[in-house]
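Below is one structure, written out as structure tokens; the observations come after it.
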Amino acid sequence: MDDEFADIAAYYDELYVKPQQYEREAAKALTLIDSYKLSDGNALLDIACGTGGHIPYWREQYTVTGLDLSPAMLNRAILKFPDVEFHLGNMVDIVLGHNFDAVVCMYGSIGCVRTLNNLKKAVSNFAVHLKPGGILCLTPWSTQEEFKPKIVVDAVKQPHVCISRMENVKFKAPGLIEVDFHHLVGRNGKVTYHTQSMEIGLFSRQQYLDALGNARLELMEYYEGSDMPMGVFVARKSAE
Numbered sequence: 001m002d003d004e005f006a007d008i009a010a011y012y013d014e015l016y017v018k019p020q021q022y023e024r025e026a027a028k029a030l031t032l033i034d035s036y037k038l039s040d041g042n043a044l045l046d047i048a049c050g051t052g053g054h055i056p057y058w059r060e061q062y063t064v065t066g067l068d069l070s071p072a073m074l075n076r077a078i079l080k081f082p083d084v085e086f087h088l089g090n091m092v093d094i095v096l097g098h099n100f101d102a103v104v105c106m107y108g109s110i111g112c113v114r115t116l117n118n119l120k121k122a123v124s125n126f127a128v129h130l131k132p133g134g135i136l137c138l139t140p141w142s143t144q145e146e147f148k149p150k151i152v153v154d155a156v157k158q159p160h161v162c163i164s165r166m167e168n169v170k171f172k173a174p175g176l177i178e179v180d181f182h183h184l185v186g187r188n189g190k191v192t193y194h195t196q197s198m199e200i201g202l203f204s205r206q207q208y209l210d211a212l213g214n215a216r217l218e219l220m221e222y223y224e225g226s227d228m229p230m231g232v233f234v235a236r237k238s239a240e
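For the sequence shown, the working numbering begins at 1 and goes up steadily by one.
Written out as structure tokens, the structure is:
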């Protein structure tokens with residue numbers, strides 16, 4: 001499988017990782033986990049961890065394990081956090097062989113599964129990796145009820161790199177979004193242009209709820225707030 005983040009990984013942190021936003025999201029997720037968790041351990045699985053933007057905040061309370069499908073993104077995370085255990089694999093079918101008190105899948109990364117069948121498989125796999133009484137925090141990549149096509153515009157200027165970003169986010173088919181990336185990256189006296197397209201699954205809120213129910217995870221809360229702008233499903237595995 002091609003690594004869709006092979007090129008973007010080189011400047012992902014500068015463009016997408018906003019430390020204050022990540023800190024707020026992580027803090028809220030930890031609060032939600034602590035509010036509902038019944039297991040007594042402190043093991044956390046960060047699914048689609050990317051370059052590890054949330055890891056500094058998770059590890060304040062938890063022993064973190066990271067999982068990602070992109071070798072390029074994972075290599076960045078390993079360089080930043082050599083003492084953290086990382087795994088390369090697909091959230092849909094990865095088997096790690098041990099369980100966690102919390103499983104988190106943030107930043108809408110669940111959309112990368114693309115199909116409803118894969119959504120169900122992924123959420124069921126999250127449940128398999130939870131201890132009894134453990135908590136899942138799952139951030140949707142928008143929902144069918146809320147999504148509107150848009151063009152995202154952003155720019156970053158730092159001493160070592162300047163980036164201009166335009167992304168056309170649009171419907172491709174029922175339940176499927178296409179994102180066309182157009183990035184200008186200036187560094188080391190050169191400007192390069194990166195473009196690619198990526199497909200993302202768009203599911204309804206009910207489809208998320210059905211996936212949780214199918215995995216025998218009990219919804220504790222659906223939280224929306226400025227500290228979690230994409231929203232988050234908080235669900236618990238039965239302690240029995």
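The beta carbon of each residue, even a glycine, is placed where N, CA and C say it ideally should be.
Just so you know, these numbers come straight off a predicted model, no measurement behind them.
(message) Short of 7 Å in beta carbon distance, which residues of its chain neighbour residue 118, apart from the five on each side in sequence? Order them along the chain.
(response) 92
(request) Leaving out five residues on either side along the sequence, give the residues of the same chain with a beta carbon under 7 Å from the beta carbon of residue 171. (result) Shown here for residue 171: same chain residues with a beta carbon closer than 7 Å to its own, the five before and five after excluded, namely 149 and 177 in chain order.
(message) Below 8 Å on the Cβ atoms is my contact criterion, and I expect residue 68 with residue 194 to pass it. Report the Cβ-Cβ distance as a whole number of Å.
(response) Not confirmed; about 20 Å, so no contact.
(message) Quick check on DSSP: helix, strand or coil for residue 7?
(response) coil
(message) Please identify the residue among 90, 185 and 44 whose C-alpha is closest to the C-alpha of residue 114.
(response) Across the set 90, 185 and 44, the C-alpha of 90 shows the shortest separation from the C-alpha of residue 114.
(message) Could you check whether the region 103-113 touches the region 70-82, counting it as contact only if at least three pairs of C-beta atoms, one from each stretch, sit closer than 8 Å?
(response) no
(message) Is residue 170 a contact residue of the ligand FAD, with contact defined as CB to any heavy atom under 7 Å?
(response) What this structure holds is no ligand at all, so the ligand FAD is not there to describe.
(message) With the cut-off set at 8 Å, would you say residue 129 and residue 100 are in Cβ contact?
(response) Going by C-beta atoms, residue 129 is nearer than 8 Å to residue 100.
(request) Report the rounded CA-to-CA distance for residue 212 versus residue 120, giving the unit in angstroms. (result) 8 Å
(message) Taking 7 Å as the limit between beta carbons, can you name the residues of its chain near residue 26, skipping five residues before and five after?
(response) 54, 57 and 58
(request) Within the same chain, show all residues whose beta-carbon is closer than 8 Å to that of residue 159, passing over the 5 residues directly before and after it, in chain order. (result) none
(request) On a CA-only basis, which of 95, 45, 106 and 98 is nearest residue 84? Give me that one, please. (result) The residue with the shortest Cα to Cα distance from residue 84 is 45.
(message) Suppose the cutoff is 8 Å on Cβ atoms and the five residues either side in sequence are ignored; what does the same chain contact list for residue 223 look like?
(response) For residue 223, where only same-chain residues beyond five positions count, the Cβ hits under 8 Å are 28, 32, 231, 232 and 234.
(request) Reducing DSSP to helix, strand and coil, say where residue 233 ends up. (result) strand
(message) Assuming residue 169 and residue 185 are in contact, meaning their beta carbons sit under 8 Å apart, how far apart are those beta carbons, in whole angstroms?
(response) Wrong, their Cβ atoms sit about 20 Å apart, outside the cutoff.
(message) Measuring alpha carbon to alpha carbon, tell me which residue in 147, 196 and 37 is nearest residue 108.
(response) Measuring C-alpha to C-alpha distances from residue 108 to each of 147, 196 and 37 identifies 147 as the nearest.
(message) According to DSSP, is residue 80 part of a helix, a strand, or is it coil?
(response) helix
(message) For residue 62 and residue 43, what's the separation of their Cα atoms in angstroms?
(response) 6 Å
(message) On the CB-based measure, 16 or more other CB atoms within 10 Å of its CB, does residue 70 come out buried or exposed?
(response) Residue 70 sits buried, since 16 or more C-beta atoms from the chains shown fall within 10 Å of its C-beta.
(request) Name, in chain order, the residues that DSSP records as bridge partners for residue 185. (result) 163 and 192
(message) Measuring only the C-alpha atoms, how far is residue 13 from residue 41?
(response) 30 Å
(request) In angstroms with no decimal places, state the Cα-to-Cα distance between residue 75 and residue 51. (result) So the two alpha carbons sit approximately 8 Å from each other.
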